[in-house]
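Protein chains: 2
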Amino acid sequence: MKGMKEIFENINIDSWVQHFLRSPHQFNKPHDSDAELIEIPGNSHHYLAVTIDTVAEEITSGLYQDPYTMGWVTVMACLSDLAAVGAEPLGLVVSASIEPSRDRTFTNSIARGMEDACRTLGIFILGGDTNITPTISLTSCALGLVPRENAMTRRGCKPGEDVFITGGLGIGNALGLVRLTKLPSDYFPEKIYRPVAHIKEGQILRKYVSCCMDTSDGLLTTLDQLMRLNGLGFVVDCDWERILEPEVLELCNKTQTPPWLMIAGPHGEFKLLFTISAKVADKVLAQPQFEGTNLIRLGKVQQTPAISLALPSGQSVNIDMAPIRNLLQTVGADLEQYVREFRSIGKKLGLE
Amino acid sequence: MKGMKEIFENINIDSWVQHFLRSPHQFNKPHDSDAELIEIPGNSHHYLAVTIDTVAEEITSGLYQDPYTMGWVTVMACLSDLAAVGAEPLGLVVSASIEPSRDRTFTNSIARGMEDACRTLGIFILGGDTNITPTISLTSCALGLVPRENAMTRRGCKPGEDVFITGGLGIGNALGLVRLTKLPSDYFPEKIYRPVAHIKEGQILRKYVSCCMDTSDGLLTTLDQLMRLNGLGFVVDCDWERILEPEVLELCNKTQTPPWLMIAGPHGEFKLLFTISAKVADKVLAQPQFEGTNLIRLGKVQQTPAISLALPSGQSVNIDMAPIRNLLQTVGADLEQYVREFRSIGKKLGLE
Numbered sequence: 001m002k003g004m005k006e007i008f009e010n011i012n013i014d015s016w017v018q019h020f021l022r023s024p025h026q027f028n029k030p031h032d033s034d035a036e037l038i039e040i041p042g043n044s045h046h047y048l049a050v051t052i053d054t055v056a057e058e059i060t061s062g063l064y065q066d067p068y069t070m071g072w073v074t075v076m077a078c079l080s081d082l083a084a085v086g087a088e089p090l091g092l093v094v095s096a097s098i099e100p101s102r103d104r105t106f107t108n109s110i111a112r113g114m115e116d117a118c119r120t121l122g123i124f125i126l127g128g129d130t131n132i133t134p135t136i137s138l139t140s141c142a143l144g145l146v147p148r149e150n151a152m153t154r155r156g157c158k159p160g161e162d163v164f165i166t167g168g169l170g171i172g173n174a175l176g177l178v179r180l181t182k183l184p185s186d187y188f189p190e191k192i193y194r195p196v197a198h199i200k201e202g203q204i205l206r207k208y209v210s211c212c213m214d215t216s217d218g219l220l221t222t223l224d225q226l227m228r229l230n231g232l233g234f235v236v237d238c239d240w241e242r243i244l245e246p247e248v249l250e251l252c253n254k255t256q257t258p259p260w261l262m263i264a265g266p267h268g269e270f271k272l273l274f275t276i277s278a279k280v281a282d283k284v285l286a287q288p289q290f291e292g293t294n295l296i297r298l299g300k301v302q303q304t305p306a307i308s309l310a311l312p313s314g315q316s317v318n319i320d321m322a323p324i325r326n327l328l329q330t331v332g333a334d335l336e337q338y339v340r341e342f343r344s345i346g347k348k349l350g351l352e
Numbered sequence: 353m354k355g356m357k358e359i360f361e362n363i364n365i366d367s368w369v370q371h372f373l374r375s376p377h378q379f380n381k382p383h384d385s386d387a388e389l390i391e392i393p394g395n396s397h398h399y400l401a402v403t404i405d406t407v408a409e410e411i412t413s414g415l416y417q418d419p420y421t422m423g424w425v426t427v428m429a430c431l432s433d434l435a436a437v438g439a440e441p442l443g444l445v446v447s448a449s450i451e452p453s454r455d456r457t458f459t460n461s462i463a464r465g466m467e468d469a470c471r472t473l474g475i476f477i478l479g480g481d482t483n484i485t486p487t488i489s490l491t492s493c494a495l496g497l498v499p500r501e502n503a504m505t506r507r508g509c510k511p512g513e514d515v516f517i518t519g520g521l522g523i524g525n526a527l528g529l530v531r532l533t534k535l536p537s538d539y540f541p542e543k544i545y546r547p548v549a550h551i552k553e554g555q556i557l558r559k560y561v562s563c564c565m566d567t568s569d570g571l572l573t574t575l576d577q578l579m580r581l582n583g584l585g586f587v588v589d590c591d592w593e594r595i596l597e598p599e600v601l602e603l604c605n606k607t608q609t610p611p612w613l614m615i616a617g618p619h620g621e622f623k624l625l626f627t628i629s630a631k632v633a634d635k636v637l638a639q640p641q642f643e644g645t646n647l648i649r650l651g652k653v654q655q656t657p658a659i660s661l662a663l664p665s666g667q668s669v670n671i672d673m674a675p676i677r678n679l680l681q682t683v684g685a686d687l688e689q690y691v692r693e694f695r696s697i698g699k700k701l702g703l704e
């Protein structure tokens, strides 16, 4: 959008996309949806939803230390993209590129993490590829079907609509905080970080929502991306007890960490964020099919393209996510400087 | 098969697969086909064909030095798997994990290689993912549809059938030889290595063949794999002028390289190898739809599970591919020793 600072990641994606002719059978445009939506010859009712995701930086940076987490997240990241378009999964394929020094226990644990993530959701790994590489990277590609008239995208929200999430926030950034600030692991054990893709929720929501995106990159990055795509803004009701997971809140209290970091950091939790007409929200979301889903009202869509944090103090603060989203590259991947500058942005805004 | 030495790569794949429950909607078993074949709900006529492939070792080992080749092969490797099951491609997604030190020229060239490979075949890149990683790896995942009754697999050949390939062999191993023996690049310029997936040929052949596999890992590895799956062997008519590409033959002559290395090495050329009833082969393959395809009769399926090379000298040699396929691991990835031991196997067999 005009007047907004560009996001390096979006520029990078566009620099790839500019080389590629667009398929005439593709429904979505670049950035428009969490999974690609493709017409299938002979099937006028569904799109094939397909998405690919690599987990690598999270491992080489030391964020994930347990191979089981590595496998689990590789699979869930892709399945969450399917969830965010409302697809019914057909399965997935995986490619594991692993260092020669790793032993069988390590690769077995990755495989079990992948498989357990799939079994949690009744989904199957269909096949894959393995390679020996100097540094690890794990890729998965997930496939699904979604009814054409109900496929969810990131576009379509309107001012005044309600914003919801399908569960509490912060487990991804809590783990990130523990690693970045070198806190002992037991402050937030890695095994708490077992995000589950909200496949079932996506399939129910697809009939009602105006737009949907998963929070794989953290809440505020998700909202920033939706703001840029829709030309609208969001008010976030920062009622921390209500929107953060209990373990995350506990970590914040124990370590005197300002809770805004748990929604501003880039390591998300794979919940679905969606917008829905305020008129029907209560009625729709009270349906028995949402039983077991922790739907949380997060705030509102607003006309002004800004992310406004409505703080517990009663104050409202507009947060510009561009410098935060670009920060890792700005500091040249120096993680100590990253944490320092991240928090200094918070201080300037009165969030710390 | 009983009595045969195990292949490390197959053991490795099985060690992953053992963790994974098999989808009740998957037609193929592990190892059985170049792409996974999956039932699509509501479509009783087609399988969804899906395959994932990572190109990494070929780059980090210095085999590919031109980023355009890296992009090209990443895409073609997957498309060739679709070709080998006879699928009609729906498109592909890519994931590029690249070192932070690489500049825009480098990534642009990868993207152009990917796109040009796709355009050669009228196929589209649907989306993807990018990451910054300590070492490069490029993954693609391709999707297609194939009529259920005509999907080709690696199983089904019968003794006495003819074996064909859809074009001349050796460009992959020729490039490999130049790199491994440190010959000047102009002996076999990397840009000669632009394999094209035989998508059209696969779609025609699927009606007639008894089994099919691409030669991505070189001819003899392909035959060895088919031998293990079918419990049958193959006679290869080693008429080098007829089965090797002219540039490959020229390299062999110029450098006094024994031509068997061009079919025994592990870096293939993405031709389709297929078996077909000898009774119908001539009639089927003379059809006008094969115009423009260089179909080469390679040999025969034999009852004995052995790969028999019928040499120009009139001699016949049985080659055990297990020590060759396992060699890179046996020598601990020492490339000089690899070349030495590879050739000493040839000397013992009288192939050098």
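Read top to bottom, the protein sequences are chains G and L. FYI, in our numbering the residues of the first sequence are 1 to 352. FYI, in our numbering the residues of the second sequence are 353 to 704. Backbone N, C-alpha and C fix where the C-beta goes; we use that ideal spot for every residue, glycine too. Note that this is a predicted model, so its numbers are computed, not measured.
{"Asked": "Contact set for S137 (chain G): own chain, Cβ-Cβ below 6 angstroms, skip 5 residues either direction", "Found": "T54, A56, S97"}
{"Asked": "E36 (chain G) - DSSP class collapsed to helix/strand/coil", "Found": "strand"}
{"Asked": "Cβ pair N502 (chain L), N43 (chain G) closer than 8 angstroms", "Found": "no"}
{"Asked": "Contact set for V391 (chain G): own chain, Cβ-Cβ below 6 angstroms, skip 5 residues either direction", "Found": "Because residue 391 (chain G) is not part of the residues shown, which for chain G are 1 to 352, the question remains open."}
{"Asked": "Close beta carbons around L244 (chain G), own chain, < 7 angstroms, minus the five adjacent residues each side", "Found": "G168, L169, G170, P259, M262"}
{"Asked": "I13 (chain G): contacting residues in chain L (beta-carbon distance under 7 angstroms)", "Found": "T482"}
{"Asked": "P705 (chain L) (DSSP reduced to helix, strand or coil)", "Found": "Because residue 705 (chain L) is not part of the residues shown, which for chain L are 353 to 704, the question remains open."}
{"Asked": "Contact between the region 64-71 of chain G and the region 190-208 of chain G (3+ Cβ pairs under 8 angstroms)", "Found": "yes"}
{"Asked": "C-beta neighbour in chain G for F476 (chain L), strict 8 angstroms", "Found": "yes"}
{"Asked": "Whole runs of the beta strand (DSSP E) within the region 466-530 of chain L, excluding any shorter than 3 residues", "Found": "477-484, 489-499, 514-517"}
{"Asked": "Nonlocal neighbours in the same chain, by C-beta distance under 8 angstroms from E99 (chain G), ignoring five residues either side", "Found": "I132, T133, P134, T135, I136"}
{"Asked": "C-alpha gap between K29 (chain G) and W72 (chain G), whole angstroms", "Found": "29 angstroms"}
{"Asked": "Closer than 9 angstroms at the beta carbon, the chain L residues around F8 (chain G)", "Found": "Under the 9 angstroms cutoff, chain L gives no residues; its nearest Cβ is about 11 angstroms from F8 (chain G)."}
{"Asked": "Among G:V178, G:D282, G:Q225, G:R119, the one whose alpha carbon lies nearest that of Y208 (chain G)", "Found": "G:D282"}
{"Asked": "Own chain partners of L663 (chain L) with C-beta closer than 6 angstroms, once the 5 adjacent residues on each side are dropped", "Found": "C590"}
{"Asked": "Pick from L:T403, L:D468, L:R471 that is closest to L497 (chain L), judged by C-alpha positions", "Found": "L:T403"}
{"Asked": "Residue of G:V280, G:N326, G:H25 minimising C-alpha distance to D162 (chain G)", "Found": "G:V280"}
{"Asked": "Straight-line gap, S216 (chain G) to T426 (chain L) (C-alpha atoms, nearest Å)", "Found": "27 angstroms"}
{"Asked": "Contact check, N230 (chain G) vs R155 (chain G), beta carbons under 8 angstroms", "Found": "yes"}
{"Asked": "Bridge-paired residues (DSSP) for F234 (chain G)", "Found": "G:V301, G:I307"}
{"Asked": "Where Q65 (chain G) meets chain L, residues with beta-carbon distance less than 9 angstroms", "Found": "Going along chain L, no residue has its Cβ under 9 angstroms from Q65 (chain G), so there is no contact; the nearest lies around 17 angstroms."}
{"Asked": "Chain G contacts made by the region 509-526 of chain L, where a contact means CB separation under 9 angstroms", "Found": "none"}
{"Asked": "Short CB-CB distance (under 8 angstroms) between E388 (chain L) and chain G", "Found": "yes"}
{"Asked": "Coarse secondary structure for T609 (chain L), derived from DSSP in three states", "Found": "coil"}
{"Asked": "Straight-line gap, M321 (chain G) to E341 (chain G) (C-alpha atoms, nearest Å)", "Found": "13 angstroms"}
{"Asked": "Residue span of the beta strand (DSSP E) that contains A286 (chain G), given as start and end", "Found": "Run containing A286 (chain G): none; DSSP gives neither H nor E here."}
{"Asked": "Interface positions of the region 38-67 of chain G facing chain L (Cβ-Cβ less than 9 angstroms), listed along the chain", "Found": "I38, E39, I40, P41, G42, N43, H45, H46, L48, V50, T51, I52, D53, T54, V55, A56, E57, T60"}
{"Asked": "Chain G contact residues for C493 (chain L), given Cβ-Cβ distances below 7 angstroms", "Found": "I52, V93, C141"}
{"Asked": "Start-to-end residues for the beta strand (DSSP E) that takes in D214 (chain G)", "Found": "211-214"}
{"Asked": "Near the ligand GDP: V561 (chain L) beta-carbon under 7 angstroms from a heavy atom", "Found": "As far as ligands go, the structure on display features none, and thus does not contain the ligand GDP."}
{"Asked": "Test item: CB-CB of H377 (chain L) and I390 (chain L) under 8 angstroms", "Found": "yes"}
{"Asked": "Start-to-end residues for the alpha helix (DSSP H) that takes in V73 (chain G)", "Found": "67-85"}
{"Asked": "Through-space distance from V317 (chain G) to F274 (chain G), alpha-carbon basis", "Found": "22 angstroms"}
{"Asked": "Whether D648 (chain L) touches I517 (chain L) by CB criterion (8 angstroms)", "Found": "Looking at the sequence provided, one finds Ile at residue 648 (chain L) rather than Asp. A contact, by the Cβ cut-off of 8 angstroms."}
{"Asked": "Residue-level contact to chain L via CB, H267 (chain G), 8 angstroms cutoff", "Found": "no"}
{"Asked": "Distance CB(I7 (chain G))-CB(N326 (chain G)) smaller than 8 angstroms", "Found": "yes"}
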